[in-house]
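Note sheet for the following structure.
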Amino acid sequence: MYVGLWGAALGFLFGATGILLNHRAVLNLPVEKVVQKSTQFPLPDPALRSFKTPEDMARWLQAELKFEGLQTRIKADPAKTVTWADREVTQPARWTFNLQSPQRGVNAEYYLGNRFIKVETQDATPIGTLTRLHMSVGVSAFWVLLSDTIAGGLIVLSVTGLLLWSRLHTIRLSAVCVSLAALLAGIWFMWTAI
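In terms of the numbering used here, the sequence shown opens at residue 5 and continues consecutively.
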């Protein structure tokens, strides 16, 4: 197996999806990345199955939807008082679920006591899957390390290219150092201004 060829292929995919992400609004590229669906999913009979914790419901939801995503985020909001049509009413506790994989995303919302759960699914198209991989959505730690390795390789390639260009001559090397210092100072200035 030749690792350089795989690195080149992954670099090409990262570059292509990066161009799509950067220019999709300006160039009005007709790229459909996801197919969205929204539904209200009935819960099982409480006599057969009850959910004591949000984690129980998340496991059930993953099994019902046959979802094998790696990333699951669960948020449990306590009951609170809200104003509705100039009256104060008590809103029951709310559980929200976010399940992600490179090919699919699921957002679900459940209010304690309801007999249904609101489910929104986003099924990615092939371009959408590449875009989600580019942004590391729903991927494993291995993929993150692999993409970080590619990014680190590009940084090393840039630095060694500058050193080769300078041929380690004093004047050119000082020009490289001044340019890099100016770039880093500009990045630092922009970072602190935000």
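Note that the Cβ used here is the ideal one computed from N, Cα and C, for glycine as well.
Report the three-state DSSP secondary structure of residue i (helix, strand or coil).
i	result
T57	coil
S178	helix
L106	Residue identity check: residue 106 is Pro in the sequence provided, not Leu. It is coil, neither helix nor strand.
D81	strand
F16	helix
R136	helix
F120	strand
T21	helix
S144	coil
Spatial neighbours of residue i within its chain, please: CB distance less than 8 Å, with the 5 preceding and 5 following residues excluded, ordered by chain position.
i	result
G117	P96
Excluding sequence positions up to five away, which residues of its chain have a Cβ less than 6 Å from the Cβ of residue i?
i	result
I78	P58, A62 and F101
L103	F71, G73, T76 and V110
R108	D127
R53	none
Would you kindly work out how many angstroms separate the C-alpha atoms of residue i and residue j, rounded to a whole number?
i	j	result
S42	T129	17 Å
F18	V86	46 Å
F193	V143	33 Å
G15	I154	7 Å
I175	E36	51 Å
A12	G157	11 Å
V148	T94	43 Å
Y114	K122	6 Å
L24	R91	48 Å
E124	D49	22 Å
I1	A89	Outside the displayed span of the chain (5 to 198) sits residue 1, for which this structure offers no information.
G190	T196	10 Å
T164	N32	37 Å
S140	N26	16 Å
D60	A67	11 Å
I159	G132	27 Å
CB residue i to CB residue j, shorter than 7 Å?
i	j	result
L150	T21	no
Q3	V30	Outside the shown range of the chain (5 to 198) lies residue 3, about which nothing can therefore be said.
S170	L161	no
P106	L137	yes
L166	V180	yes
Pop quiz: residue i and residue j are said to be a contact at Cβ under 8 Å. What is the actual Cβ separation, rounded to whole angstroms?
i	j	result
A80	W99	5 Å
Q44	F120	4 Å
A112	L47	Not really, about 11 Å apart at Cβ, beyond 8 Å.
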